Structure formats: C-alpha cells, structure tokens
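As they're listed, the protein sequences go chains A and B. Everything in the first sequence is counted per my numbering, starting at 20 for the first residue and increasing by one. Everything in the second sequence is counted per my numbering, starting at 27 for the first residue and increasing by one. Following: one structure in structure tokens, then a few remarks.
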Amino acid sequence: MKQTKEEYSRLCKELSPPSPSGRTVPAAFLVGGALCALGQLLRQWLESMGLPDKAVATWVSCALILLGVALTALRLFEKLAKRAGAGTLVPITGFANAIASPALEFKTEGFILGTCVKMFTIAGPVLACGVGASVLYGLIYWLVTR
Amino acid sequence: MRRTGDTVFFDTPPGVRACAAAVGRKEGDGPLGKCFDVVCPDNRFGAKTWEQAESAMVEKASLRALEKAGLAPAAVQASLGGDLLNQCIATSFAARTLGAPFLGLYGACSTMAEGLLLGAALCAGGFASPVLCTAASHFCSAERQYRYPLEYGGQRTPSAQWTATACGAVVLTAGSAPVRITAATAGRVYDPGITDAANMGGAMAQSAYETLKTFFRDSGTTPEDYDLLVTGDLARIGHGLVTRLFADDGVTLGGNYHDCGMMLYSDKQDAHAGASGCGCSAAVLCGHILPAMERGRYRRVLFCGTGALMSPVSANQGESIPGICHLVRLERGADGEAGT
C-alpha cells in the first residue's frame, strides 16, 4: 500500500517509544538541584570567610567549572549526565563539559588544529549568542538610563 | 545471468569461500559475542586514534577471512569495501596495507550488501575472483564525526541507535562453495520525509520494504520461502515499521523476519532501539548468519543491508533522511539447485 509522507510519519511516531519522562525529569531535578545546592553552600562558606560579593560569585562559578572539567577528564561526567540530562547540562557544569569534551576528544588532531579549533564547537553558539545578547542589553540599558 | 525488474539472478552463482568478523567489547559482550573471530577488549585494536583503530579492525577481519580461505592478500583480484568515515579512510587505509586492487564503496550502513552485490557480479561476470568484501564502523570514530565527543554529557532518545564497533569480511569466489549468492537487488533511494537523525530505523524502513517488495515481485517468491529474512540495522522501530507496511499489504512477516540491529546487543546493554552502522549487518552476517548457513541451520536467506544516506551537513541544512536497501539472496545447496 502506498503511504503518504504524513501517514508514514504518523506510523513512525506511533512505533517510536516516548522519552521516559517519569524517570528522567525527577533525575534532572534532583541532580540539578544538588549542584545548585553545592554552589549555594560554597557561596555561604566563602561569605562567612569575609569575601566580597563579587569575588564570591566568581569563586563559586570557577569552582563549579573546575568540578565539571575534572569530572569530564575522569570520564565520570558522561556517566552522570546520561542519567541526569538537563540536571547536569543547565548549570555551569554543563558549559564546562561542553568545552572540555571536544578539547579532549580532538587532541588527536593536534593542539592547534584539534584542541584549540574544536574546543568551541558545542559551546561556541552559546558564547556567540550570550555575548550578542549582552551587547544588546547594554545598548538598551544605555538608552534607557541616559 | 538474467535480469527481471531490478533483480539479477546468477546462473552460475558465486560462492562464499570464507568470512570473518572483528568486533569491539560491547559487541563481544552481546548475545552473539562468541560467534566473532576477533573481539578487542578496549576497542583500540592496538592503534592510537579511533580512525586508526577502525582501520586496524578492517585489516584484522580481512586477514582472518583470507586466512580461513587459504589465500594471501596478493591473490585477491578485487577488494570492495567501505565505512562511515569521511572519504572512507578506515577501509582505504586498510587497503593500503593489504595491497589488493581496491574499489571503495559508500552505501552508509548498506555497504556490506552493496559490496556483496557488486562482488557477486564481478565473480559471476568473470571480471575478478576471488573478491574480498568488507564493511566497518566504529562507535568512537562515528560519534565524533556525526554526533558529539565521547566525553560529552548528553542523553539519548529511546529511538536512537548505537553504532556498532564491528567489521565483517567475506571472500567471494566464482568457484563452488556451500553458500552461494543466487540473486541480488540493487535498491532505489526512498525518502519518507523523516528529519530526526535520532530515528534512523524509521527513515530507512521504507527503503527496506520497497526493496523486499520489488524482490518478491521479481523472483515470484514470498517471505515464507525463506528460512531467514534479515534487514541490516533498522532496529526496533524500523523492524516494526517494515512488519506493519507489509501487514497493510496483507503480507505477514513472521518469526523468520529479523533485524541485525536487534541481534547484536541485549536489552541490558543500553543500546536503546538497537545497533546501527556498516559493521552491524556485516558482523552479524559474517559471525552468525553465514556460519549458521554452513552448518545447515538456514538454507535460504535474504540479507538486506539498509543505509541512511545523510550527513551532518545535510541534517544541519534541514534535509530529510533518504534511505536505501540492497538485497542479496544467499542459498545453501548443490550446483544447479539455486536460482528461481
């Protein structure tokens, strides 16, 4: 029987199992929440040490980035992320993994053509859009507060 | 040799002289693990990079098949093979070592069937014999080319498939052998409009259905005439789709219809919908199907290699995924018995 593309696509969808959201969403919530709680604990500890606000924010971000990179290098990040999904992707740990993983993977093509060139293949769009958005925000802010 | 529709029937069917399969660890741990000639515990095959590892795997499978056939690489008159890497480097770099006349193929995951079809034609036409046919894929080299770095933390959808680290090598000969290629159908390209690169089985199922339908029409046979009908790497979703498309035609594909993508890994191996890659169907053919035919478990087999003809570029440009399926009929029997 000749199927139209719509009929075929419907049949294909019908036979494709959905993502097990009942398991993945709570896992993402718990792991993402745990990472944020870790960041918060770190923040309070650093504040109690008397560090100024701006420095605290930088130190917390750097610590979580270091954690993400270390877990990536130890091949533990991918194991955790497989279960946690957005729980590890959305916090800054995911950003660290997105840069560290191609840097490691493509080192076989050399330091410049491999690691340096490929490092931003995943995170590049986030950086480009992030910087672009902040320029736009700055412009609007300048126009409004002028 | 005669041709009906898209199918070629070989009057003097080329024989399978020997075959061998080399696989990685996950495949070695799977249900067919004991069938493979070489299992590499670290997937590296003694090489530094994943691309070199894939090439070394092709070399190992080829040399093992030639050894079983009692042939030196120099005796091979034509070597046909391919893989998934850009410019087919895994296979052509292995051919550099083997030194046999080499014809590189790209049929995505249908490469093993494409190689057998062309190899059989070369043998039957008197152009070359023996002919070496290979197809390979490596999970680690495919991931970095098509998807993400191995260390990247991502989640796969349940429809995604796992690229097999595997290579199959078949030595074909114009002479007599217990298992012979009696007919072959070169597939046409079909595009059912699927754009989801994580649902390859769904994208390829239509081409498998069309090629099988064409073959049944050309040969005047039915699915019941075969002990085994096997598609390359449609996995669960594609297998279900082919069964359903035939059912809509009033044709029941029974317990003799299998898919290599569902045979390579167990449910516990976290391969989602199943296996994929050129090496999947090649290794299942060389490790399991052909030896089982030689032992007499199967007499008539339809081996259908399925391929998704897309690239990361076409996917990024929003193109849908065209599929292809090549079919070869393998038969065990005495001379003159083959050919319908």
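Heads up, the beta-carbon is just placed ideally off N, CA and C, and yes, glycines get one too. All of these numbers come straight from a predicted model, not from anything done at the bench.
Worksheet item: I think residue 159 of chain B touches residue 141 of chain B, with their Cβ atoms under 8 Å apart; what is that distance to the nearest whole Å?
Response: 4 Å
Worksheet entry | Residue range of the alpha helix (DSSP H) that includes residue 75 of chain A | 72-92
Worksheet item: Does DSSP classify residue 196 of chain B as helix, strand or coil?
Response: strand
Worksheet item: I think residue 46 of chain A touches residue 87 of chain A, with their Cβ atoms under 8 Å apart; what is that distance to the nearest whole Å?
Response: Not quite, the Cβ-Cβ distance comes to about 18 Å (not below 8 Å), so this is no contact.
Worksheet item: What alpha helix (DSSP H) runs, 4 residues minimum, are completely inside the segment 234-312 of chain B?
Response: 261-274, 286-289 and 304-310
Worksheet item: Over what stretch of residues does the beta strand (DSSP E) that includes residue 170 of chain B continue unbroken?
Response: From DSSP, residue 170 of chain B is part of no beta strand (DSSP E) but of the alpha helix (DSSP H) over 165-172.
Fill in: Chain-ordered neighbours of residue 104 of chain A on chain B, where CB pairs are closer than 7 Å
181
Worksheet item: Does the beta carbon of residue 31 of chain A sit closer than 7 Å to a beta carbon anywhere in chain B?
Response: yes
Worksheet entry | Neighbour-count burial assignment, residue 63 of chain A, 16 or more Cβ in a 10 Å radius | exposed
Fill in: C-beta contact flag for residue 249 of chain B and residue 358 of chain B at 7 Å
no
Worksheet item: In chain order, which continuous runs of the alpha helix (DSSP H) of length 4 or greater are located wholly inside the segment 332-356 of chain B?
Response: 338-342
Item to complete: Check the DSSP bridge columns for residue 105 of chain B and list the partner residues they point to.
Response: B/128 and B/158
Worksheet item: Does residue 80 of chain B have its Cβ less than 7 Å from a Cβ in chain A?
Response: no
Worksheet item: Looking only at C-alpha atoms, which of B/257, B/91, B/73 and B/94 sits nearest to residue 116 of chain B?
Response: B/73
Worksheet item: Applying the criterion that 16 or more other CB atoms from any shown protein chain within 10 Å of the CB defines a buried residue, is residue 110 of chain B buried or exposed?
Response: buried
Worksheet item: For residue 41 of chain B, which residues does DSSP report across the bridge?
Response: B/199 and B/206
Practice prompt. Report the rounded CA-to-CA distance for residue 109 of chain A versus residue 75 of chain B, giving the unit in angstroms.
Written response: 31 Å
Fill in: Buried/exposed call for residue 361 of chain B, threshold 16 Cβ in 10 Å
Interpretation of residue 361 of chain B is limited by its pLDDT of 46, a score under 50 that renders its predicted location unreliable; the figure taken from the coordinates is listed afterwards. Label assigned to residue 361 of chain B: exposed.
Item to complete: Below 7 Å between beta carbons is the criterion; list the residues of the segment 181-197 of chain B that meet it against any residue of chain A, in chain order.
Response: 181, 183, 184 and 185
Discussion item. According to DSSP, simplified to helix, strand and coil, what is residue 71 of chain B?
Written reply: coil
Worksheet item: Does DSSP put residue 58 of chain B in a helix, in a strand, or in coil?
Response: coil
Discussion item. For a test of the three-state rule: what should DSSP assign to residue 322 of chain B, helix, strand or coil?
Written reply: coil
Worksheet item: Any idea if residue 232 of chain B is buried or exposed, counting beta-carbon neighbours within 10 angstroms, 16 or more meaning buried?
Response: buried
Discussion item. Taking 8 Å as the cut-off, does the segment 326-337 of chain B touch the segment 252-262 of chain B (at least 3 CB pairs, one atom from each stretch)?
Written reply: yes
Worksheet entry | 7 Å Cβ cutoff, residue 66 of chain A in contact with chain B | no
Worksheet item: Does DSSP put residue 66 of chain B in a helix, a strand or coil?
Response: coil
Practice prompt. Quick one: grab the DSSP three-state call for residue 178 of chain B.
Written response: coil
Fill in: Spatial neighbours of residue 84 of chain A in its chain, beta-carbon cut-off 8 Å, leaving aside the 5 residues before and after
111, 112, 114 and 115
Worksheet item: Are three or more beta carbon pairs between the segment 94-103 of chain A and the segment 177-194 of chain B nearer than 8 Å?
Response: yes
Discussion item. Ignoring anything shorter than 3 residues, give me the beta strand (DSSP E) runs that lie fully in the segment 36-62 of chain A, in order along the chain.
Written reply: none
Discussion item. Pull the bridge partners of residue 135 of chain B from the DSSP assignment, please.
Written reply: B/133
Item to complete: Taking only the alpha-carbon atoms, compute the straight-line gap between residue 28 of chain B and residue 346 of chain B and give it to the nearest angstrom.
Response: 35 Å
Practice prompt. Give the single residue among B/106, B/334 and B/279 whose Cα lies nearest to the Cα of residue 239 of chain B.
Written response: B/279
Worksheet item: Should residue 208 of chain B and residue 39 of chain B be called a contact, given that it needs their Cβ atoms to be closer than 7 Å?
Response: yes
Discussion item. Can you look up residue 164 of chain A in the DSSP assignment and give me helix, strand or coil?
Written reply: helix
Worksheet item: Does the Cβ of residue 161 of chain A have 16 or more other Cβ atoms within 10 Å, making it buried, or fewer, making it exposed?
Response: exposed
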